[in-house]
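The sequence shown maps to residues 0 to 325 in numbering that gives the first Met the number 0.
The beta-carbon is built from N, C-alpha and C at its ideal position, and this holds for glycine as well.
One structure is given here, and the rest of the page talks about it.
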Amino acid sequence: MAVITYRDALTQALREELARDDRVFLMGEEVAQYNGAYKVSKGLLDEFGPMRVVDTPITELGFAGIGVGSAMVGLRPIIEFMTWNFALLAIDQVVNAAAKMLYMSGGQFSMPMVFRGPNGSALQLSAQHSQAWESWLAHIPGLKVLTPGTPADAKGLLKAAIRDDNPVVFLEGEMLYNTKGEVPDGDHIVPIGRAEVKREGGDCSIITHGKMVLVAMQVADTLAKENIFIDVVDLRTIRPMDVEAISKSVQKTNRAVVLEEGWEMCGVGAQTVDFIQRECFDDLDSPVIRVHQADTPMPYAKGLEKAAKPDAAKTIAAIRKVMYLD
């Protein structure tokens, strides 16, 4: 099993799916000549040519719409947004066209397409470029929303997304591209809608996704030194959410902390807690606590940015609280 970066795992997925199915093509700003803003499409133009790896102008609404039309006639487009923050300009095509086309056409037009790109905060990119959009997008019926947190999941979920006959939103962690991990050899597929327990523990569950998986693992390592053992559940798919996996973990530990990168109001964590209270109310030994970004646009100042973000220290404090240790 090779150890590769999150970026290279995504590139492998794109290369293998472009080679497997000639209906698949990649389109977006700088994906061809420049090899992608984050170099995820490196080398693909040389391998597959300009009809399969297509550079576009700075026209998010336009090329997202071309993708929708392409899917309607049987192609399988992958639309790369340079960042999901720019995708706000294309949201009409994502929400009003791609997500609803199968329903509004009475089943005549499926939408086998993927919208993908970096999501969430990086370092000092400030309010307009440090935003986690999964709760917005998961709100929309008709979309599947995926948030891989490891290289193995990045490759396996992207391949599954490209093969899916529904529109899939694929949110890559902006700070994860250089992270490394083992990726299974061969045609590695991760099923959509399945969470994974990244670490087994019996004292408290952390339910999380995307970039926060690394934070949760760091928390689990730290607390293990105090003989506190954490069950880390990586949702991997936000919509549909794996309620069975969440329930199984909480029924084992009887305590839960929900960790997410986004804001509190109407966030992914709110939906997760709703599932927990419906499925596991009698199993809980304490109220569930959420850890999330502060309810403010992301500050530019380094100190304020750190204070606004969810992190390991805040998560450990939440765990100690649900375990009545503080």
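Original post:
Is the CB-CB distance between isoleucine 206 and isoleucine 245 below 9 Å?
Top reply: Position 207 of the sequence shown, counted from the first residue, corresponds to residue 206. Position 246 of the sequence shown, counted from the first residue, corresponds to residue 245. Contact flag set, yes.
Original post:
In angstroms, rounded to a whole number, what distance separates the CA positions of aspartate 273 and proline 150?
Top reply: Taking the first residue of the sequence shown as 1, we reach residue 273 at position 274. Taking the first residue of the sequence shown as 1, we reach residue 150 at position 151. The straight-line gap separating the alpha-carbon atoms of aspartate 273 and proline 150 is approximately 29 Å.
Original post:
If you compare alpha carbons, which of Lys305, Gln292, Ser285 and Leu101 is closest to valine 321?
Top reply: For this step, residue 321 is matched to residue 322 along the sequence shown. It is Ser285 whose Cα lies nearest to the Cα of valine 321.
Original post:
Can glycine 141 and methionine 100 be called in contact, C-beta distance under 9 Å?
Top reply: In the sequence shown, the residue the question calls residue 141 occupies position 142. In the sequence shown, the residue the question calls residue 100 occupies position 101. It is a contact, given that the beta carbons lie within the stated cut-off.
Original post:
Just curious, the beta strand (DSSP E) that alanine 1 is in, first and last residue?
Top reply: What you label residue 1 is simply residue 2 of the sequence shown in a count that begins at 1. Its beta strand (DSSP E) spans residues 1-4.
Original post:
Can we say the segment 115-134 touches the segment 296-308, given the rule of at least three CB pairs closer than 8 Å?
Top reply: Segments in contact, yes.
Original post:
DSSP state of glutamate 278, grouped into three classes?
Top reply: Counted from its first residue, the sequence shown places residue 278 at position 279. Judged by DSSP in its simplified three-state form, glutamate 278 adopts helix.
Subject >> Ranges of the beta strand (DSSP E) found wholly within the segment 64-116, counting only runs of at least 3 >> reply: For the segment 64-116, the continuous beta strand (DSSP E) assignments of 3+ residues that do not extend past its boundaries occur at 75-79, in sequence order.
Original post:
proline 239 and lysine 143: beta carbons closer than 9 Å?
Top reply: Residue numbering aside, residue 239 sits at position 240 when the sequence shown is read from its first letter. Residue numbering aside, residue 143 sits at position 144 when the sequence shown is read from its first letter. It is a contact, given that the beta carbons lie within the stated cut-off.
**OP:** Specify whether the segment 180-190 and the segment 123-138 touch according to this definition: at least 3 beta carbon pairs, one from each stretch, less than 8 Å apart.
**Re:** The segment 180-190 and the segment 123-138 do not touch, with fewer than 3 CB-CB distances between them shorter than 8 Å.
Subject >> Start and end residues, beta strand (DSSP E) containing arginine 238 >> reply: Mapped onto the sequence shown, residue 238 falls at position 239. Taken as a continuous stretch (DSSP letters only), the beta strand (DSSP E) holding arginine 238 covers 236-238.
**OP:** Tell me whether valine 39 sits in a helix, a strand or coil according to DSSP, three-state version.
**Re:** Walking along the sequence shown from the start, residue 39 turns up at place 40. Here valine 39 sits in coil by DSSP.
Subject >> Burial state of lysine 308 (16 or more Cβ within 10 Å) >> reply: The residue labelled residue 308 in the question sits at position 309 within the sequence shown. Flag for lysine 308 reads buried.
Original post:
Closest to phenylalanine 62 by CA distance: which of Asn84, Gly155 and Met26 is it?
Top reply: Working through the sequence shown from its first residue, we reach residue 62 at position 63. It is Met26 whose Cα lies nearest to the Cα of phenylalanine 62.
Original post:
Would you call the segment 275-291 and the segment 85-102 in contact, with 3 or more CB pairs under 8 Å?
Top reply: By the Cβ criterion, the segment 275-291 is not in contact with the segment 85-102, since fewer than three pairs of Cβ atoms, one from each stretch, lie closer than 8 Å.
Subject >> glutamate 243 beta carbon less than 9 Å from that of histidine 291 >> reply: The residue labelled residue 291 in the question sits at position 292 within the sequence shown. The residue labelled residue 243 in the question sits at position 244 within the sequence shown. Against a cut-off of 9 Å, the Cβ pair of glutamate 243 and histidine 291 comes out as no contact.
**OP:** Using 10 angstroms around the beta-carbon of cysteine 203, count the other beta-carbons present and answer buried if the total reaches 16, otherwise exposed.
**Re:** Walking along the sequence shown from the start, residue 203 turns up at place 204. Flag for cysteine 203 reads buried.
**OP:** Determine the burial state of glutamate 48: buried for a count of at least 16 other Cβ atoms within 10 Å of its Cβ, exposed for fewer.
**Re:** As a first step, residue 48 is located in the sequence shown; it is residue number 49 there, counting from the start. Sequence check: residue 48 is glycine here, not glutamate. Per the 10 Å Cβ criterion, exposed.
**OP:** Could you pull out every residue in the same chain whose Cβ sits closer than 7 Å to the Cβ of alanine 269, ignoring the five residues on either side in sequence?
**Re:** Residue mapping note: residue 269 aligns to position 270 of the sequence shown, counting from 1. Within the same chain, alanine 269 has no close Cβ partners at all.
Subject >> Reduced DSSP secondary structure (H/G/I, E/B, other) of alanine 255 >> reply: Start at 1 with the first residue of the sequence shown, and residue 255 comes out as number 256. Here alanine 255 sits in strand by DSSP.
Original post:
Which term fits serine 40, buried or exposed, when burial requires 16 or more other beta carbons within 10 angstroms of its beta carbon?
Top reply: Here residue 40 corresponds to residue number 41 of the sequence shown, with the count starting at 1. When all chains shown are included, serine 40 counts as buried.
**OP:** Answer with buried or exposed for methionine 103, where buried requires no fewer than 16 other C-beta atoms within 10 angstroms of its C-beta.
**Re:** The residue labelled residue 103 in the question sits at position 104 within the sequence shown. Exposed, because fewer than 16 other Cβ atoms sit within 10 Å of the Cβ of methionine 103.
Subject >> Sub-9 Å separation of glycine 266 and serine 109 beta-carbons >> reply: Along the sequence shown, read from residue 1 onward, the residue named residue 266 stands at position 267. Along the sequence shown, read from residue 1 onward, the residue named residue 109 stands at position 110. Cβ distance not < 9 Å, so glycine 266 and serine 109 don't count as in contact.
Original post:
Based on Cα-Cα distance, which residue from Lys224, Ala223, Asn226 and Ala219 lies nearest to valine 232?
Top reply: Along the sequence shown, one-based indexing puts residue 232 at 233. Ranking Lys224, Ala223, Asn226 and Ala219 by Cα distance to valine 232 puts Ala219 first.
**OP:** Measure the beta-carbon distance from glutamate 79 to isoleucine 57 and round it to whole angstroms, keeping in mind my assumption that it falls under 8 Å.
**Re:** Taking the first residue of the sequence shown as 1, we reach residue 79 at position 80. Taking the first residue of the sequence shown as 1, we reach residue 57 at position 58. The distance from the Cβ of glutamate 79 to that of isoleucine 57 is about 13 Å, inconsistent with a contact at the 8 Å cut-off.
Subject >> leucine 145 - DSSP class collapsed to helix/strand/coil >> reply: Position 146 of the sequence shown, counted from the start, is the residue given in the question as residue 145. Residue state for leucine 145 is assigned as strand, using DSSP reduced to three classes.
Subject >> Alpha-carbon spacing of aspartate 258 relative to methionine 216, whole angstroms >> reply: For this step, residue 258 is matched to residue 259 along the sequence shown. For this step, residue 216 is matched to residue 217 along the sequence shown. Residue identity check: residue 258 is leucine in the sequence provided, not aspartate. The C-alpha of methionine 216 is placed about 12 Å away from the C-alpha of leucine 258.
Subject >> Expected contact under 8 Å - CB spacing of glutamate 177 and arginine 6 to nearest Å >> reply: On the sequence shown, position 178 is the one that residue 177 refers to. On the sequence shown, position 7 is the one that residue 6 refers to. Checking the displayed sequence, the identity of residue 177 turns out to be asparagine instead of glutamate. Indeed they touch by this definition, with Cβ atoms about 7 Å apart.
Original post:
Taking the alpha-carbon positions, what's the glycine 209 to isoleucine 3 distance?
Top reply: Looking up residue 209 in the sequence shown gives position 210. Looking up residue 3 in the sequence shown gives position 4. Rounded to whole angstroms, glycine 209 to isoleucine 3 spans 18 Å at the Cα level.
**OP:** Can you say whether proline 166 is buried or exposed, counting buried as having 16 or more other CB atoms within 10 angstroms of its CB?
**Re:** Here residue 166 corresponds to residue number 167 of the sequence shown, with the count starting at 1. That one is buried.
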